[in-house]
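The next block holds one structure in the form of structure tokens; read it before the comments.
Number of protein chains: 2
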Amino acid sequence: MDRRVFLRNVLLASALPPGGVTWPRLVPRQGRSLRVTGDRLNRHLAELSAFGRTDTGTNRVAYSDADRDGRAYVTGLMREAGLDVRVDAGANIIGRRAGRDAAAPPILFGSHVDSVPDGGNFDGDVGSLSAIEVAQTLAESRTVTRHPLEVAVFSNEEGGLVGSKAMVGELTGAELDVVSRSGKTIRDGIRFLGGDPDRLATARRARGDLAAYVELHIEQGGTLDEAGINIGVVEGIVGIRDYEVTIEGFANHAGTTPMDHRRDALLAASQLVLAVNRIVTSVPGRQVGTVGRIQAFPGAPNVIPGRVVMTVEIRDLSAEKIDMLARQVIAEGERIGTATGTTMSFRLYSENIPALTDARAQRLIAQAADGLGLTHRTLPSGAGHDAQDLARIAPAGMIFVPSVGGISHSPRELSRPADITNGANVLLQSVLAIDAGGLE
Amino acid sequence: MDRRVFLRNVLLASALPPGGVTWPRLVPRQGRSLRVTGDRLNRHLAELSAFGRTDTGTNRVAYSDADRDGRAYVTGLMREAGLDVRVDAGANIIGRRAGRDAAAPPILFGSHVDSVPDGGNFDGDVGSLSAIEVAQTLAESRTVTRHPLEVAVFSNEEGGLVGSKAMVGELTGAELDVVSRSGKTIRDGIRFLGGDPDRLATARRARGDLAAYVELHIEQGGTLDEAGINIGVVEGIVGIRDYEVTIEGFANHAGTTPMDHRRDALLAASQLVLAVNRIVTSVPGRQVGTVGRIQAFPGAPNVIPGRVVMTVEIRDLSAEKIDMLARQVIAEGERIGTATGTTMSFRLYSENIPALTDARAQRLIAQAADGLGLTHRTLPSGAGHDAQDLARIAPAGMIFVPSVGGISHSPRELSRPADITNGANVLLQSVLAIDAGGLE
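Line by line, the protein sequences are chains A and B. Be aware that the first sequence starts at 1, since it is given in this note's numbering, and climbs by one per residue. Be aware that the second sequence starts at 441, since it is given in this note's numbering, and climbs by one per residue.
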């Protein structure tokens with residue numbers, strides 16, 4: 001017997017209600033024909049968007065009251081979906097659904113519901129509510145999987161993947177003292193959400209503890225939308241290297257210092273901004289480089305800037321390429337310094353190494369999309385995600401749905417309801433395929 | 441009889457004490473041989489530097505407690521010099537010395553004692569204390585001039601020539617509501633220093649009210665120091681045009697937005713910073729152009745800047761040249777905007793028209809330097825000064841002494857004691873030459 005047909009029969013049998021079937025009741029769709037209820041999923045997304053809504057966008061930053069209230073709403077949905085809900089020590093909300101094989105490691109899937117300041121209603125929310133919708137759909141169809149299933153809503157993703165870091169055992173003591181955008185330290189924020197920063201070890205999952213991790217997310221870029229493709233199969237999450245560059249010139253009076261006597265730190269910084277763009281675009285590929293923050297000191301219209309502090313960020317799937325580009329930027333910075341009478345110092349203050357998804361998981365996701373009649377394309381994730389942490393301890397897969405215009409981290413962020421429903425169905429089918437042994 | 445010898449005899453006669461001369465008492469030096477006491481002047485400068493001294497420089501910003509206390513110290517020196525001291529409605533300290541001809545308009549000379557944040561001890565202080573030293577020297581030599589003399593210590597020069605604006609009747613109601621660096625509004629600050637913002641008209645001097653205005657100041661640039669020249673004869677104070685430029689791009693995720701899909705406001709701004717430098721240095725002359733302030737929004741390392749606000753300042757003695765350069769910068773801004781998918785808007789928020797000094801006053805100052813055996817050079821003032829306001833209602837002259845290394849608005853600002861003494865002697869001789877009818 002075909003393994004899938006066998007599995008389907010098992011599922012059908014297990015879904016029979018205790019009192020037997022009363023005909024002509026419709027048998028719920030099962031297995032590969034199972035579908036989420038898109039209207040309900042999109043209604044839940046709209047309801048969640050009320051938490052933290054302001055005139056300038058969604059402000060549900062981690063550890064805020066809006067975050068706490070949004071999580072309470074999400075917890076309610078999880079309970080309605082029949083999940084056994086708890087908050088782990090890292091303040092991640094975990095909703096568990098038992099499987100037939102109590103010894104099997106759980107399949108974990110989910111995302112986050114915290115937002116950036118002035119953010120939108122899809123980043124994180126789509127993956128979290130779709131995971132719950134998958135659980136609800138399985139409950140309604142009385143599907144029982146072999147593996148236990150766990151829906152995860154990670155805490156403080158936007159502030160540095162805090163919840164998923166805790167889950168993989170990499171949340172350090174020093175990081176707990178960092179003040180988050182909410183104004184609370186991460187330690188206090190975790191406590192505020194019901195976690196326990198003193199017992200983080202209890203939240204930790206080790207390699208082998210999970211059968212897989214799967215995350216649905218909006219692309220946050222414009223590739224799928226522009227190409228009119230339904231589903232992105234994520235090949236990996238790019239590495240990110242962040243430098244803080246300090247440029248020292250000499251502050252002097254803007255009226256009395258002749259042009260040829262200046263050591264203008266901003267003039268040098270501007271050359272570096274252009275150099276970052278030139279170097280990053282000088283080789284083929286999907287790497288990106290950004291100067292997002294710049295400050296000139298003393299910062300008065302009538303004083304030549306004596307010091308500039310700016311960031312340089314480089315992202316790519318290849319750690320080697322990031323390194324090569326960073327070396328070129330630093331070398332160019334030294335050249336600019338010499339030419340402008342300034343000194344440039346580069347401080348690497350943050351580095352995330354690239355995280356590749358599991359090749360078999362990529363294949364299962366693509367097959368799930370095929371089975372649903374959806375177009376798909378393999379692409380990297382330029383943004384960081386909780387999946388990059390989980391990829392260190394479990395086979396990870398990641399599914400993207402289109403972002404209209406590629407806009408994200410903005411109130412103008414939008415993913416269309418039909419695309420979200422497609423993504424949730426791919427998530428559902430991917431989880432079932434993994435449960436059926438697709439990664440084994 | 442040579443006019444100067446005649447004058448000197450008059451001065452000698454007028455200086456005789458009421459009770460006659462007791463020989464062999466030394467006759468004080470008079471007229472062209474009169475000299476200030478440099479040691480005392482430089483000691484007073486050192487004493488004044490104690491007010492507002494901090495680890496990061498002199499912080500005697502207008503309307504601060506340090507400013508008030510420094511002015512009290514200066515007022516004491518003025519009284520010791522025999523001046524009749526009052527504070528006008530604009531909070532300028534005015535010390536008057538009667539002349540022989542009560543109907544003659546006064547000769548005004550002075551500067552300011554407020555500092556920029558983290559400033560030095562010479563900008564303003566040198567001119568103010570030298571003016572007092574001139575008065576002290578005249579008192580000790582029992583010199584009585586024909587014109588009344590007035591020593592002025594203007595209020596809040598660094599915050600926009602506030603005191604001198606009040607004196608020429610150009611301090612407006614709107615400006616009074618501006619919050620100064622002290623945290624006080626200008627209105628409250630004027631009151632804090634003993635002025636009366638409700639009666640500013642009483643501080644006003646009209647055209648014809650003053651015989652002349654003379655100001656000694658440090659160069660704040662490096663021209664004199666580099667050339668080893670003792671005295672600068674200022675031909676004028678440059679005009680200043682200040683724009684605030686807003687560059688609108690589109691803020692987006694720095695990881696997910698491909699390089700060729702960006703509308704990066706900071707990339708456009710950096711091109712404009714370089715263009716300002718290129719355009720200003722593209723024609724011969726002493727014009728300067730500066731971008732001193734820049735802010736990128738939202739200003740996060742992982743977000744492409746969607747908006748940048750920066751300043752562009754252009755200075756020159758020629759209003760036509762400023763206009764020509766500004767037009768080129770704006771045109772280049774439009775070209776950059778088109779090329780980068782951003783829009784640039786230029787808002788002219790401040791404009792000071794160039795102020796030329798009186799040609800006869802320039803000649804008198806040069807002759808005074810010659811008479812003292814000092815080298816001199818004509819040069820523009822790149823910085824704004826109270827003299828530019830006074831130049832609108834009276835013949836104005838301005839004397840520069842060297843700034844070591846051209847450094848100013850910095851704790852490293854330095855003018856050498858000998859240079860300061862030279863400047864004070866040139867001021868003394870210039871005032872006497874004006875009194876003797878040099879501008880008539």
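C-beta: ideal position from N, C-alpha, C; glycine also.
Buried or exposed, going by whether 16 or more other CB atoms sit within 10 Å of the CB of residue i?
| i | result |
| --- | --- |
| V752 (chain B) | buried |
| L788 (chain B) | exposed |
| R327 (chain A) | exposed |
| I630 (chain B) | buried |
| A89 (chain A) | buried |
| T515 (chain B) | buried |
| S282 (chain A) | exposed |
| L83 (chain A) | buried |
| I353 (chain A) | exposed |
| P395 (chain A) | buried |
| P588 (chain B) | buried |
| S345 (chain A) | exposed |
| R755 (chain B) | buried |
| D638 (chain B) | exposed |
| V461 (chain B) | With a pLDDT of 47 at V461 (chain B), under the threshold of 50, the modelled position of this residue cannot be trusted; read the value that follows with caution. Flag for V461 (chain B) reads exposed. |
Output yes or no for whether 8 Å exceeds the beta carbon distance between residue i and residue j.
| i | j | result |
| --- | --- | --- |
| I805 (chain B) | I839 (chain B) | yes |
| D563 (chain B) | S821 (chain B) | no |
| P557 (chain B) | V501 (chain B) | yes |
| I229 (chain A) | R35 (chain A) | no |
| S128 (chain A) | V87 (chain A) | no |
| D247 (chain A) | A275 (chain A) | One detail in the question is off: residue 247 (chain A) reads as Ile in this sequence, not Asp. For I247 (chain A) and A275 (chain A), no; Cβs fall outside 8 Å. |
| V168 (chain A) | T357 (chain A) | no |
| G195 (chain A) | A98 (chain A) | no |
| L640 (chain B) | L611 (chain B) | yes |
| V720 (chain B) | L765 (chain B) | yes |
| G478 (chain B) | P842 (chain B) | no |
Is there a C-beta anywhere in chain A that falls below 8 Å from the one on residue i?
| i | result |
| --- | --- |
| P842 (chain B) | no |
| P851 (chain B) | no |
| V461 (chain B) | Residue placement at V461 (chain B) is flagged as unreliable, the pLDDT there being 47, under the threshold of 50; a coordinate-derived value is accordingly withheld. |
| R755 (chain B) | yes |
| L656 (chain B) | no |
| S710 (chain B) | yes |
| I744 (chain B) | yes |
| T759 (chain B) | The residue asked about is misnamed: residue 759 (chain B) is Ala in this sequence, not Thr. Answer no: the Cβ-Cβ gap between A759 (chain B) and chain A never drops below 8 Å. |
| A652 (chain B) | no |
Residues of chain B with CB closer than 8 Å to the CB of residue i, please, in chain order.
| i | result |
| --- | --- |
| N277 (chain A) | M699, D704 and L707 |
| I330 (chain A) | Under the 8 Å cutoff, chain B gives no residues; its nearest Cβ is about 17 Å from I330 (chain A). |
| V288 (chain A) | A694, G695, T697, P698 and M699 |
Name the chain A residues that come within less than 9 Å of residue i, Cβ to Cβ?
| i | result |
| --- | --- |
| P546 (chain B) | What P546 (chain B) touches in chain A: nothing, since even the nearest Cβ is about 29 Å away. |
Would you mind reading off the limits of the beta strand (DSSP E) that contains residue i?
| i | result |
| --- | --- |
| F737 (chain B) | I734 to F737 |
| D524 (chain B) | D524 to V527 |
| I677 (chain B) | I671 to I677 |
Which chain A residues sit within Cβ distance under 7 Å of residue i?
| i | result |
| --- | --- |
| V731 (chain B) | L266 |
| T751 (chain B) | P301 |
Could you confirm whether any beta carbon from chain B is found closer than 8 Å to the beta carbon of residue i?
| i | result |
| --- | --- |
| S408 (chain A) | yes |
| P354 (chain A) | no |
| N230 (chain A) | no |
| A251 (chain A) | yes |
| I94 (chain A) | no |
| V426 (chain A) | no |
| R195 (chain A) | It is worth fixing the name first, because residue 195 (chain A) is Gly in this sequence and not Arg. No, its Cβ sits nowhere closer than 8 Å to a Cβ of chain B. |
| T421 (chain A) | no |
Quick check on the DSSP output: the alpha helix (DSSP H) that includes residue i runs from which residue to which?
| i | result |
| --- | --- |
| F632 (chain B) | I626 to F632 |
| M699 (chain B) | No alpha helix (DSSP H) contains M699 (chain B), which DSSP labels as neither H nor E. |
What residues of chain A sit near residue i, judged by a beta carbon separation below 8 Å?
| i | result |
| --- | --- |
| R787 (chain B) | Within 8 Å Cβ-Cβ: nothing; R787 (chain B) doesn't reach chain A, min ~12 Å. |
| L714 (chain B) | L267, S270, Q271 and L274 |
Using a C-beta to C-beta distance shorter than 7 Å, which residues of chain B count as neighbours of residue i?
| i | result |
| --- | --- |
| D242 (chain A) | P741 |
| E219 (chain A) | T696 |
| I294 (chain A) | L706, I734 and A736 |
| V238 (chain A) | G695 |
Would the beta-carbon of residue i be found less than 7 Å away from any heavy atom of the ligand MG?
| i | result |
| --- | --- |
| G31 (chain A) | Of the ligands one can find in the structure shown there are none, so the ligand MG has no counterpart to examine. |
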